[in-house]
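**Q**
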Amino acid sequence: MKFLHTADWHIGKRLNGYDLLEEQQDAYRQIKAIAREEAVDAVVIAGDLFDRALPSEAAVATLDNMLVDLNRQEHFPLLAISGNHDSAVRLGYGQEWFASTDFYLRTDLANCLTPITLDDTEFFLLPYFEPFAVRKFFQDEDIRTVAQGMERLVAAMQAHFTPGKRHVLVAHFFAAGSSHADSETLVQVGGLNAVPVDLLSPFDYVALGHLHRKEALQNEAKIKYSGSPLKFSTSEAEDTKGVWIVDTATDPVTVTFRPLKPLHDLVVLTDSFAHLMDRERDYPVTPEDFVAVDLTDTVPITNVMQELKTRFPRIIELNRVNQLTVTPEDLETQQLQQDPQTLLANFFEQMTQHPLTDQQREWAEAALQRAMKEDTE
């Protein structure tokens, strides 16, 4: 059979205050179009359907429309699990009768050992879990880490393998060898939640969620993160987002990446303030794109964010890439007796490596006069 592997939709997520529902709906339409083009037999969503445990009403309505459309209108069987951003209880409401339309949703460990069989493939749906949940599930106090829990779970799943079938694990965790992007919630302590990839070798394919880059496990042919459909942080600006198409009819399984095109891109621009504000200079962005600026200037710039927004309305982040590290010099008594304007000018130049402008001198003089007037009143 052939299925589409996606994950980490994070419906309801905001990017530095900007609502992403429009972008998420566009990404969904592309995913649906790919599912149609590839004539897949099922769609797999490996966790983090919502961005938070208590999603907004708009987020709930958006995800509900997507799932109903895929399952009831397009008639794709759905296999989905909860991730660490989801509320397992809230997301799982109604899952008992969802299966009547081939929507298989798992949000706790109760049914993770019972496979969902579609054509030649058995799917084991393993939602995000903490070690205590597996400890309770197996009544084994020796299970203290996610890796220990996975070892027990995989062994138990193998006992339910049907010979002659393909076996796919759908899960949401941090597999060893992968790297984090900034927009993921780091839930490990001392690496305790890392799962060694060799524990997953019994499966013909492992459809993972949690990390937002498809490259997180580049050297693993049959263990893949789909990555998120959208760029959720500047660390993902250069990423190509998309989904995996997995065909279990071949040996080994065939895995093909299908890219998604962002409705509004996230771009990092590195340049000087003067260049960025020069309307004659072209940058690879549209007014609707999200822009992070790495500013190369070292001088202070008044109202820099407000000014940049006149050129790039959706600026989400501003960083200084040439921060000065300056150790103030010890002043001698004679220097301390200089007039305030001279002291300020010397200090400013020492700290910024640039002299005060005429405008800055005027501001400083006006501020000093007001302060002296208040002292005499």
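Residue numbers for the sequence shown, in the UniProt record's numbering: 1 to 377. Positions of the beta carbon are idealized from the N, C-alpha and C atoms, including for glycine. None of these values were measured; they are calculated from a predicted model.
#1: Determine the extent of the beta strand (DSSP E) in which P259 is found, giving its start and end residues.
#2: Using CA coordinates, which residue listed in P313, L276, D278 and A176 is at the minimum distance from F290?
#3: Quick check on the burial criterion: 16 or more other C-beta atoms within 10 angstroms. Buried or exposed for L318?
#4: If you draw a straight line from the alpha carbon of I31 to that of A274, how long is it in whole angstroms?
#5: Mind checking whether the beta-carbon of G94 lies closer than 6 Å to any heavy atom of the ligand ZN?
#6: Is G149 near P131, with beta carbons less than 7 Å apart?
#7: Could you check the C-alpha separation between G197 and Q25 for me, to the nearest Å?
#8: Would you tell me roughly how many angstroms separate the C-alpha atoms of S179 and G227, rounded to the nearest one?
#9: Three Cβ pairs or more, each shorter than 8 Å: is that satisfied between the segment 81-93 and the segment 49-69?
#10: Put residue 384 into one of helix, strand or coil per three-state DSSP.
#11: Just mark T117 as buried or exposed, buried being the case when its beta carbon has 16 or more other beta carbons within 10 Å.
#12: Does T101 pass the burial test, meaning 16 or more other C-beta atoms within 10 Å, or should it be called exposed?
#13: Alpha carbon to alpha carbon, how far is A42 from V195? Give it in angstroms, no decimals.
#14: Taking DSSP as the reference, what is the three-state secondary structure of V285?
#15: Nearest by alpha-carbon distance to Y205: which of V170, L266, L230 and T298 is it?
#16: Indicate the three-state DSSP secondary structure (helix, strand or coil) for T310 in the structure shown.
#17: Any idea what DSSP makes of R135, helix, strand or coil?
#18: Going by Cα to Cα distance, which pick from L4, G92 and A249 is closest to T121?
#19: Count the CB pairs spanning the segment 231-238 and the segment 263-278 that are closer than 8 Å, and state whether there are at least three.
#20: Between D119, A80, T114 and P115, which lies nearest to T107 when the distance is taken from Cα to Cα?
#21: Using only CA atoms, which one of E288, F124 and M157 lies nearest to L208?
#22: Which of the three DSSP states is assigned to N111 in this structure?
#23: Buried or exposed: where does S201 fall if 16 or more other Cβ atoms within 10 Å of its Cβ makes it buried?
#24: Tell me Y93's beta-bridge partners as DSSP assigns them.
#25: On the DSSP bridge list, what partners appear for I116?
#26: Taking V68 as part of the beta strand (DSSP E), name the residues at either end of that continuous run.
#27: Look at the Cβ atom of D8, then the Cβ atom of D48, and state whether they are nearer than 7 Å.
#28: Look at the Cβ atom of H167, then the Cβ atom of A46, and state whether they are nearer than 7 Å.
#29: With which residues is A207 paired in a DSSP beta bridge?
#30: For the alpha helix (DSSP H) holding V146, just list the boundary residues, first then last.
#31: Taking the alpha-carbon positions, what's the K224 to K214 distance?
#32: Specify, as a first and last residue, the run of the alpha helix (DSSP H) that A274 falls within.
#33: In the DSSP output, what is L295 paired with across the bridge?
#34: My assumption, with CB atoms under 8 Å, is that I316 sits in contact with V40. Please give the rounded CB distance.
#35: Under 8 Å by Cβ, that's how I've got F98 and L109 pegged, so tell me the actual separation to the nearest angstrom.
#36: Return the CA-CA distance between V189 and N16, expressed in angstroms with no decimal places.
**A** Once the coordinates are examined:
#1: T254 to P259 is the span of the beta strand (DSSP E), which, as asked, contains P259.
#2: Each of P313, L276, D278 and A176 was checked against the Cα of F290, and the nearest Cα belongs to P313.
#3: L318 is exposed by the Cβ-count criterion.
#4: The straight-line gap from Cα to Cα measures roughly 40 Å.
#5: Summarising the ligand content, the structure contains no ligands, and the ligand ZN is consequently not present.
#6: Yes, the pair counts as a contact, with Cβ atoms nearer than the cut-off.
#7: Note that residue 197 is Val in the sequence shown here, rather than Gly. Approximately 33 Å, taken between the alpha carbons.
#8: Residue placement at S179 is flagged as unreliable, the pLDDT there being 46, under the threshold of 50; a coordinate-derived value is accordingly withheld.
#9: The answer is yes - the segment 49-69 touches the segment 81-93, with three or more Cβ pairs under 8 Å.
#10: Residue 384 is absent from the structure shown; the chain starts at 1 and stops at 377.
#11: Result: exposed.
#12: A residue is called buried once 16 or more other Cβ atoms fall within 10 Å of its Cβ, and T101, having fewer, is exposed.
#13: Cα to Cα, V195 sits roughly 26 Å from A42.
#14: Reduced to three states, the DSSP call for V285 is coil.
#15: For the set V170, L266, L230 and T298, the Cα lying nearest the Cα of Y205 is the one of V170.
#16: The answer is helix: DSSP assigns T310 an H, G or I state.
#17: Reduced to three states, the DSSP call for R135 is helix.
#18: The candidate whose alpha carbon is nearest that of T121 is A249.
#19: Look at the beta carbons and you see the segment 231-238 touching the segment 263-278: at least three pairs across the two are nearer than 8 Å.
#20: With distances taken between Cα atoms, T107 lies closest to A80.
#21: Per the Cα distances, F124.
#22: Here N111 sits in helix by DSSP.
#23: Exposed, by the Cβ-count rule.
#24: Paired residues: none, contrary to the question.
#25: For I116, the beta-bridge partners assigned by DSSP are F123.
#26: From DSSP, V68 is part of no beta strand (DSSP E) but of the alpha helix (DSSP H) over E57 to V68.
#27: Yes, Cβ-Cβ distance for D8 and D48 is below 7 Å.
#28: No.
#29: In the DSSP output, where bridge partners are listed per residue, A207 has V170 and K224.
#30: Segment V146 to Q158, the alpha helix (DSSP H) holding V146.
#31: Rounded to whole angstroms, K224 to K214 spans 7 Å at the Cα level.
#32: Unbroken alpha helix (DSSP H) run through A274: F273 to M277.
#33: Paired residue(s): D271 and R320.
#34: Approximately 34 Å separates the beta-carbon atoms of I316 and V40; this is outside 8 Å, ruling out the contact.
#35: Going by Cβ atoms, the distance from F98 to L109 rounds to 18 Å, so no, they are not a contact pair.
#36: Residue placement at V189 is flagged as unreliable, the pLDDT there being 43, under the threshold of 50; the coordinate-derived value follows with that caveat. Looking at the two C-alpha atoms, the distance is approximately 27 Å.
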